[in-house]
Amino acid sequence: KNQVEQSPQSLIILEGKNCTLQCNYTVSPFSNLRWYKQDTGRGPVSLTIMTFSENTKSNGRYTATLDADTKQSSLHITASQLSDSASYICVVSADNAGNMLTFGGGTRLMVKP
Amino acid sequence: ETGVTQTPRHLVMGMTNKKSLKCEQHLGHNAMYWYKQSAKKPLELMFVYSLEERVENNSVPSRFSPECPNSSHLFLHLHTLQPEDSALYLCASSQEYIAADTQYFGPGTRLTVL
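Listed in order, the protein sequences are those of chains V and B.
The first sequence begins at 1 in this note's numbering and counts up one residue at a time.
The second sequence begins at 1 in this note's numbering and counts up one residue at a time.
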C-alpha cells in the first residue's frame, strides 16, 4: 500500500529561525515527489518537484532534498517569516497510469514573532 | 492564484438538501480532480476527469455525483449528505492526466452538513 508519513505533525518556531520538515514514503514505482504549502482556508500550492535523479531543489528560502534509496525527503526553510505559517504537505506520484497522488498528513508550521 | 476558482467558498446545508459545488479552471488543462480534506486527515481523491471522461472513482458514496460538461468546468452535486461529509472540498486541474504534471488547486469549498 502506498503511504506517505510526515513528521513532525506540528512545529512552532520563532521568526528568523530555520527548520526542517521530514517525509518518508513507500510509493512504488516512484515518479516524483512534491512539497505543497497550504495556507489556512486555501488550496495547496506547489513549492518544489523532484524526480528520481534529483536530490535537491530550491525555491527561494525553501530547499527540498530527496534520497530515493532510503525513500526520504526533507523540506528546509531558511530564515523563517510569519508568512511561512501554513501546512506543508509531502505528495508522491507513482509511475503508473494516471496522476494519482499519495498525500502525507502534513506538518502544521507556526512562526511566531 | 486565480487559475482555478471554486464557488461557493462556504456552504451550510441540511441532510435533506440538494446543492452543487462548482469548479472552473482558466489554465487550458485537460484533467480535473475533486478531493475531500477532512480535519487532521490527508487529502482524499474522490473523482478524476480526463478530457471530460471520468477515469477514477475512488469508492465515493453515490450521494456525491460529479459532472464535467467541458474541460474547463467541474461540478460536484450533493444530496442527502451526512454530518461526517463536512469537510473542505478541493478542486484541482493538471495539463494532462500524467504523473509528471503538477496539479493546481482551487481555494476550496468549506462544507458544513447539519
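Where is the CB? At the ideal position from N, CA and C, for every residue including glycine.
Nothing here was measured: the structure is a model prediction, and the numbers come from that model.
P83 (chain B) (DSSP reduced to helix, strand or coil): In this structure, P83 (chain B) counts as helix in the three-state DSSP scheme.
How would you label N58 (chain B), buried or exposed, when you count the other beta carbons within 10 angstroms and need 16 or more for buried? Residue burial is scored here from C-beta neighbours: N58 (chain B) has fewer than 16 other C-beta atoms within 10 angstroms and is therefore classed as exposed.
Under the assumption that L111 (chain B) contacts A87 (chain B) (Cβ atoms under 8 Å), give the Cβ distance between them as a whole number of angstroms. Cβ-Cβ separation between L111 (chain B) and A87 (chain B): approximately 6 Å, consistent with a contact (criterion under 8 Å).
Mind checking whether T26 (chain V) and K57 (chain V) have CB atoms under 9 Å apart? Against a cut-off of 9 Å, the Cβ pair of K57 (chain V) and T26 (chain V) comes out as no contact.
Applying a beta-carbon distance threshold of less than 7 Å, which residues of chain B neighbour P44 (chain V)? Chain B residues near P44 (chain V): F105.
CB of V78 (chain B) within 9 Å of CB of K41 (chain B), strictly: Reading off the sequence, residue 78 (chain B) comes out as Leu, not Val. Cβ atoms of L78 (chain B) and K41 (chain B): not closer than 9 Å.
CA-CA distance, G28 (chain B) and L76 (chain B)? Spanning the two alpha carbons is a distance of roughly 20 Å.
Using a Cβ distance threshold of 8 Å, determine whether the segment 97-105 of chain V contacts the segment 96-105 of chain B, with at least three qualifying pairs required. With a cut-off of 8 Å, the segment 96-105 of chain B and the segment 97-105 of chain V count as touching, because enough Cβ pairs lie within range.
Could one say the Cβ of D67 (chain V) lies closer than 9 Å to chain B's Cβ atoms, at least one of them? The beta-carbon of D67 (chain V) is placed no less than 9 Å from the nearest beta-carbon of chain B.
For M50 (chain V) and L66 (chain V), believed in contact at Cβ under 8 Å, the rounded distance: So it is a contact: roughly 5 Å between Cβ atoms.
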